[in-house]
Amino acid sequence: MMRKVSQQEIEKLYQFTRQHYVEYFDLQTELVDHLATGMEENWSENPEMNFEENLQKEFEKFGVYGFMHVIESHQKAMNKKYWKILWRETKSELANPKILFFSLLLFLLPFGLSFSKLGIDILQITLFLLTVFAVVYTFRQNKKQAHKKKTNQKVYLLEAMISNAQSSTLLFMLSYQVVLFIGSRESFEPNMLYSFLIALAVSLPFLIIYLTIKVLPQKKEEILKEVHPERILLT
Amino acid sequence: MILYKGNLDTIILKLLSENDKMYGYEITKKVKELSHNKIIIKEGALYPALHRLKSKGFLEVETLKVDNRLRKYYKLTENGNKESITKTAELKEFIETMQLLLNPKLSFK
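Each protein sequence line maps, in turn, to chains A and B. With positions in the first sequence counted from 1, the corresponding number in our numbering is that position plus 837. With positions in the second sequence counted from 1, the corresponding number in our numbering is that position plus 288.
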């Protein structure tokens, strides 16, 4: 009888891909099947070969760069796909009249406030608090992701992308603090352009935070199901 | 035999147009067989090509449980079918032109 790769050995192969920097589960799955199929074929010719030796033989076929090119191409392809979906979800969210009204309010309120010195102070404190919140939140999320990786749980690229979007928001907000700073100088005269920028600086991060912290994680399972229908087979 | 990137795409598209769905290992094996061991696709090149073609919308993936593991099958999409026809025709034309250059029928007049 032909020697097959056992369930336990499949787990070992998953571990092998992780050790070779394949972080995401769907690519791990593809490579595990490839290695296992090759190994089973080697065993049909030479049943005495041991597992490790056989695995090395198959891995060598990937060339000196190992999984590197495969990881890169996979990441590129998935990034493109996910951005399209994230953009689609964002658009559909903004088409919701409630969200649209809320965004408008979020924009007009700081716009009005920015014409007075006190208003600017209020905005500055708000933005500062928002930044602190985002820093703490992102830090905690990143820790969670790291823990997931460490404990060998299934990680999908989408999760990494959502947490990246959160970190980018954070950077974006920090850079806007500089714009607000100009307003707090004594010699400053309020004008339309400045108010417009301030209003944008406050409303946009709120909106992005709402999208990346609330909406997208909620839709995560749905999107994952769309991109990785094979998830049903795992349960 | 050296295989250029563009030709690898063409081979994959052509193979998939003749077979309903294939998985990565199967593709390398089939190419090796059909070319009498002359063309060996490196795994490190095959999967990037598959991911690239999928990202361009020429391939779609179906995952099935086989034995105790999951297997990803690649299939041509409608656009992939069209691309396969164009690419194959292009390659054929290229080969014919090369033959003209390599074996010119000289006329002595």
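We treat Cβ as the ideally placed atom computed from N, Cα and C, and that holds for glycine. These figures come from a predicted structure and were not determined experimentally.
Buried/exposed call for A/Ile847, threshold 16 Cβ in 10 Å: Reading the first sequence from its first residue, position 10 is the one you call residue 847 of chain A. Per the 10 Å Cβ criterion, buried.
Could you give the residue range of the beta strand (DSSP E) that holds B/Tyr277? Since the first residue shown for chain B is 289 and the last is 397, residue 277 of chain B is missing from the structure and cannot be characterised.
Counting only beta-carbon separations shorter than 9 Å, does A/Met905 have a partner in chain B? Residue numbering aside, residue 905 of chain A sits at position 68 when the first sequence is read from its first letter. Yes, A/Met905 counts as interfacial toward chain B.
How should A/Met839 be labelled, buried or exposed, when 16 other C-beta atoms within 10 angstroms of its C-beta is the threshold for buried? As a working mapping, residue 839 of chain A is identified with position 2 in the first sequence. Exposed.
To the nearest angstrom, how far is the alpha carbon of A/Val907 from that of A/Asn1001? In the first sequence, the residue the question calls residue 907 of chain A occupies position 70. In the first sequence, the residue the question calls residue 1001 of chain A occupies position 164. Straight-line Cα distance between these residues: approximately 22 Å.
In chain A, what lies closer than 8 Å to B/Glu331 by C-beta? As a working note, residue 331 of chain B is residue 43 in the second sequence. Neighbours of B/Glu331 across chain A, judged by C-beta separation under 8 Å: His871, Lys898, Phe899, Gly900 and Val907.
Looking at the secondary structure, which residues open and close the beta strand (DSSP E) in which A/Lys917 lies? Working through the first sequence from its first residue, we reach residue 917 of chain A at position 80. Segment Met905 to Leu931 is the alpha helix (DSSP H) holding A/Lys917; no beta strand (DSSP E) there.
Compare the C-beta of B/Leu301 against all C-beta atoms of chain A and say whether one is closer than 9 Å. Indexing the second sequence from 1 puts residue 301 of chain B at position 13. No, B/Leu301 lies away from the interface with chain A (no Cβ there is under 9 Å from its Cβ).
Please confirm if B/Asp297 has its CB atom under 9 Å from at least one CB of chain A. Looking up residue 297 of chain B in the second sequence gives position 9. The beta carbon of B/Asp297 does not come within 9 Å of any beta carbon belonging to chain A, so the residue lies off that interface.
Just by C-beta distance, which residues in the segment 345-376 of chain B are closer than 7 Å to chain A? Under the 7 Å Cβ criterion, the segment 345-376 of chain B contributes Thr351, Lys353, Asp355, Asn356, Arg357, Leu358, Arg359 and Lys360.
For a test of the three-state rule: what should DSSP assign to B/Lys344, helix, strand or coil? Counting from 1 along the second sequence, the entry for residue 344 of chain B is found at position 56. Coil.
Using a Cβ-Cβ cutoff of 7 Å, what residues of the segment 861-888 of chain A are near chain B? List them in chain order. From the segment 861-888 of chain A, only Thr866, Glu867, Val869, Asp870, His871, Ala873, Thr874 and Gly875 have a Cβ closer than 7 Å to chain B.
May I ask you to list the residues that DSSP assigns as paired with B/Val354? As a first step, residue 354 of chain B is located in the second sequence; it is residue number 66 there, counting from the start. Answer by DSSP bridge pairing, in chain order: B/Arg357.
Under the rule that 16 or more other beta-carbon atoms within 10 Å means buried, what is A/Tyr858, buried or exposed? For this step, residue 858 of chain A is matched to residue 21 along the first sequence. The residue in question, A/Tyr858, is exposed, as its Cβ has fewer than 16 Cβ neighbours within 10 Å.
Among B/Tyr311, B/Lys342 and B/Thr374, which has the Cα closest to the Cα of A/Ser910? Taking the first residue of the first sequence as position 1, residue 910 of chain A is located at position 73. Out of B/Tyr311, B/Lys342 and B/Thr374, B/Lys342 has the C-alpha closest to the C-alpha of A/Ser910.
With respect to 8 Å, is the separation between the Cβ of A/Asn887 and the closest non-hydrogen atom of the ligand COA below this value? The model on display carries no ligand, and the ligand COA is accordingly not part of it.
Quick one: which chain D residues come within Cβ less than 8 Å of B/Ser343? Going by chain labels, chain D is absent from the structure shown, which instead holds the protein chains A and B.
Backbone secondary structure at A/Met886 - three-state DSSP: For the purposes of this step, residue 886 of chain A is taken as the residue at position 49 of the first sequence. Under the three-state reduction of DSSP output, A/Met886 falls in the coil class, being neither helix nor strand.
Tell me the rounded alpha-carbon separation between B/Arg340 and B/Met310. Here residue 340 of chain B refers to the residue found at position 52 when the second sequence is read from its first residue. Here residue 310 of chain B refers to the residue found at position 22 when the second sequence is read from its first residue. Answer to the nearest angstrom: the Cα atoms are 16 Å apart.
Does any residue of chain B bring its CB to less than 9 Å from the CB of A/Lys841? Here residue 841 of chain A is taken as the residue at index 4 of the first sequence, counted from 1. For A/Lys841, the answer is yes, since a Cβ of chain B falls inside 9 Å of its Cβ.
Since B/Gly312 contacts A/Glu867 with CB under 8 Å, what's their CB separation in whole angstroms? For the purposes of this step, residue 312 of chain B is identified with residue 24 of the second sequence, where counting begins at 1. For the purposes of this step, residue 867 of chain A is identified with residue 30 of the first sequence, where counting begins at 1. That pair is a contact at about 7 Å.
Could you tell me which uninterrupted alpha helix (DSSP H) segments, each at least 4 residues in length, are contained entirely in the segment 1027-1065 of chain A, listed from first to last along the chain? You should have 1029-1046 and 1053-1064.
Report yes or no: is there a C-beta of chain B within less than 9 Å of the C-beta of A/Ile847? Residue numbering aside, residue 847 of chain A sits at position 10 when the first sequence is read from its first letter. A/Ile847 belongs to the set of residues whose beta carbon lies under 9 Å from a beta carbon in chain B.
Range covered by the alpha helix (DSSP H) that runs through A/Gly900: Taking the first residue of the first sequence as position 1, residue 900 of chain A is located at position 63. It is not in any alpha helix (DSSP H) - A/Gly900 carries neither H nor E in the DSSP assignment.
List, in order along the chain, the chain B residues whose C-beta lies closer than 8 Å to that of A/Gln844? On the first sequence, residue 844 of chain A is found 7 positions in, with the first residue counted as 1. What A/Gln844 touches in chain B: Asn356.
Chain A within 9 Å of B/His324, Cβ atoms only: Numbered from 1 along the second sequence, position 36 holds the residue referred to as residue 324 of chain B. No, B/His324 does not count as interfacial toward chain A.
Neighbour flag for A/His1065 against chain B, beta carbons, 9 Å: Here residue 1065 of chain A refers to the residue found at position 228 when the first sequence is read from its first residue. Contact of A/His1065 with chain B is assigned, a C-beta pair being separated by under 9 Å.
Tell me, please, whether the CB atom of A/Ser910 is closer than 9 Å to any CB atom in chain B? One-based indexing of the first sequence puts residue 910 of chain A at position 73. Cβ-Cβ to chain B under 9 Å: yes for A/Ser910.
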